[in-house]
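**Student:** For reference, the structure I am asking about is given below.
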Amino acid sequence: MKITIIGSGYVGLVSGACLAEMGNDVMCLDVDARKIASLNDGKVPIHEPGLEPVIRRNVEAGRLHFTTDTPAAVRHGTLQFIGVGTPPDEDGSADLQYVLEAARGIGRHMTDYKVIVNKSTVPVGTADRVEAVVREELASRGIEVEFAVASNPEFLKEGNAVEDFMKPDRVIVGANDERALLLLRALYAPFCRNRERLVLMDRRSAELTKYAANAMLATRISFMNELAALAERVGADIEAVRHGMGSDPRIGTHFLYAGIGYGGSCFPKDVKALLRTAHEQSVPLEVLAAVENANERQKRVLVDKIVARFGESLDGLQFGLWGLAFKPNTDDMREAPSLVLIAELLRRGARLKAYDPVAMAEARRRLGATSGLSFATTADEAAKGCDALLVATEWLQFRSPDFAQLRGLLRQPVVFDGRNLYDPVLMADAGLEYHAVGRPV
Ligand code: UGA
């Protein structure tokens, strides 16, 4: 099938590469000429495990092309995927200018039947707006061309995106046009070979499903984070509680990990946008509003523990920080809880030495000039000579350090673990004072 992907960011690139991998002829469009040039040279601008070989393979096979040429890209695909960004506006609502601009580009250049498939996370009703914009463009050209607009939200997780695309739990398609449905069914059939994973619905329900899924996951996390605080007070261990709860299949084990709050480019933005939509519709989403507040509080949970241990002023203290990315297997630091931690500790006079297995370049770009913050080249170097070690991201390589050696590296044997990675018994045995989230000290 001939496919165009508008927007070669995270969603666009992964979708384009994986659709090409399944034998389709894919053209990815982006307005950023530098990005397109480097992609054509085989350089992948994001850190995503397994993506680079898929891109390389398919570029070499001639199934994956990158361009800045909008007319050529619109000509290319019968399916026109929109995968551009929808950053939050000042009021939290999703900014649709890039989505609508992409739609306009299609309307301006199309000459035959197109299915416009929206993959970006967009508020309910956006498919209608996309349809209206394309109609406007066609009318201004004085021509009539048939087209359909479908909603096909993306459920990729950063760090696992290729796998998520190739083996989806479900593929949500919202469409009201038979011909479009047939094309999308055929496109996704090879991804759903062992079990029917295509869930068909109307466009508005598809758009809402995406927000509802992310909001539910964020809710689970904030719920556990609040329970963790209570567990600490009553002398319970949230890890045991999580295990006990998660064994009930109605609850399930995923997304019950207490920590330093959720971050990333999706949950914070999508929770805000859904709250905004609800506000506009005068529908209370009180549970979700509390989820957002709880998460803001949670990002400071380690700071509170550090202050309780060392006092309000952290002048003269040096902390080692393991992990900067908002989660493992990515260099993404958008809305990362580590950013709040760093800012709050520096504000109180501490110095910080940070290390992340892949986000160092991104950290230097964002925080390179921050006084009081330095970067280490290894995890050991970050811990060396520090008054405490702080863990902000659960990278595999941080999971089983040599505790005795760690104790030797630290000036004071204190660990603040924002991801509950370690066994308190082993920590005590190694002579390390261990502060985790929702666990007895
Ligand atoms: C999330 C969803 O999981 C994807 O399904 C969705 O497609 C994507 O957003 C999106 O909307 O594009 P992602 O933001 O990549 O994916 O990351 P997650 O793995 O969901 O983690 C989000 C945050 O929650 C991280 O900061 C993570 O540390 C935190 N988290 C996750 C917890 O604090 N506790 C948990 O139990 C799970």
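Note that this note's numbering has the sequence shown beginning at 37, numbered continuously upward.
Beta carbons: idealized from backbone N, C-alpha and C, even for Gly.
Cβ of T157 versus every heavy atom of the ligand UGA: is any distance shorter than 8 angstroms?
**Tutor:** Yes - the ligand UGA has a heavy atom lying nearer than 8 angstroms to the Cβ of T157.
**Student:** Do the stretch 91-103 and the stretch 144-152 meet, that is, are 3 or more Cβ pairs less than 8 angstroms apart?
**Tutor:** No, the stretch 91-103 is not in contact with the stretch 144-152.
**Student:** Measure the Cβ-Cβ separation of Y293 and M252 and say whether it is below 9 angstroms.
**Tutor:** no
**Student:** Does the separation of the CB atoms of P466 and A440 fall below 9 angstroms?
**Tutor:** The sequence given here places Ala at residue 466; Pro does not occur at that position. Yes, the pair counts as a contact, with Cβ atoms nearer than the cut-off.
**Student:** At the 9 angstroms Cβ level, is V169 part of the contact set with chain B, yes or no?
**Tutor:** In the structure shown, chain B does not exist; there is a single protein chain.
**Student:** On the DSSP letters alone, give me the boundaries of the alpha helix (DSSP H) that H279 sits inside.
**Tutor:** I274 to G282
**Student:** Is it buried or exposed for R455, if we count other Cβ within 10 angstroms and need 16 for buried?
**Tutor:** buried
**Student:** What whole-angstrom Cβ distance do L442 and L468 have, given they're in contact under 8 angstroms?
**Tutor:** 7 angstroms
**Student:** Among S436, S407, R401 and R400, whose alpha-carbon lies nearest the alpha-carbon of D416?
**Tutor:** S436
**Student:** Using only the alpha-carbon positions, how far apart do G280 and T289 sit?
**Tutor:** 9 angstroms
**Student:** Can you check DSSP and say which residues form a bridge with V427?
**Tutor:** W358 and D453
**Student:** Would G143 and L174 qualify as a contact pair, given that the criterion is a beta-carbon distance under 9 angstroms?
**Tutor:** yes
**Student:** Identify whether S410 lies in helix, strand or coil by the three-state DSSP scheme.
**Tutor:** strand
**Student:** Kindly indicate which residue of A163, L357 and D367 has the alpha-carbon position closest to the one of L382.
**Tutor:** L357
**Student:** Decide yes or no for the touch test of the stretch 345-353 against the stretch 385-394: beta carbon pairs closer than 8 angstroms, at least 3 of them.
**Tutor:** yes
**Student:** Is the beta carbon of T103 less than 9 angstroms from the beta carbon of M63?
**Tutor:** yes
**Student:** To the nearest angstrom, report how far apart A344 and A272 are at their CA atoms.
**Tutor:** 19 angstroms
**Student:** Using only the heavy atoms of the ligand UGA, determine whether one of them is closer than 8 angstroms to the beta carbon of Y134.
**Tutor:** no
**Student:** May I ask you to list the residues that DSSP assigns as paired with P124?
**Tutor:** A130
**Student:** I'd like to confirm the pairing. Which residues does DSSP put opposite D66 in its beta bridges?
**Tutor:** D66 pairs with nothing; no bridge assigned.
**Student:** Around the Cβ of A222, are there at least 16 other Cβ atoms within 10 angstroms (buried) or fewer (exposed)?
**Tutor:** For A222, the number of other beta carbons within 10 angstroms of its own is below 16, and it is reported as exposed.
**Student:** Helix, strand or coil, according to DSSP, for I287 in the structure here?
**Tutor:** coil
**Student:** When the Cα of N230 is compared with those of K203, E126, D125 and F303, which residue comes out closest?
**Tutor:** K203
**Student:** Tell me whether N188 is buried or exposed, calling it buried when 16 or more other Cβ atoms sit within 10 Å of its Cβ.
**Tutor:** buried
**Student:** List the DSSP bridge partners of M237.
**Tutor:** According to DSSP, M237 bridges with G210.
**Student:** From which residue to which residue does the alpha helix (DSSP H) around A418 run?
**Tutor:** A415 to A419
**Student:** For Q133, collect the residues of the same chain with a Cβ closer than 6 angstroms to its Cβ; drop the 5 residues on either side in sequence, then sort them by chain order.
**Tutor:** none
**Student:** Does the ligand SAH have a heavy atom nearer than 8 angstroms to the CB of R177?
**Tutor:** Inclusion of the ligand SAH in the displayed structure is not the case, the ligand content consisting of the ligand UGA alone.
**Student:** Out of G113, K308, V170 and L409, point me to the one whose CA is closest to Y247's CA.
**Tutor:** K308
**Student:** Within the present structure, is the beta-carbon of D306 separated from the nearest heavy atom of the ligand UGA by less than 8 angstroms?
**Tutor:** yes
**Student:** For L324, tell me which candidate among N250, V394, P393 and A361 has the shortest Cα-Cα distance.
**Tutor:** The shortest Cα separation from L324 among N250, V394, P393 and A361 belongs to N250.
**Student:** CB-CB under 8 angstroms to T406, same chain, minus the five flanking residues each way: which ones, in chain order?
**Tutor:** I378 and L382
**Student:** Considering only DSSP beta bridges, list what K38 is partnered with.
**Tutor:** D61
**Student:** Just curious, the beta strand (DSSP E) that N154 is in, first and last residue?
**Tutor:** First-last of the beta strand (DSSP E) with N154: K150 to N154.
**Student:** Tell me the DSSP secondary structure of K335 in three-state form.
**Tutor:** coil
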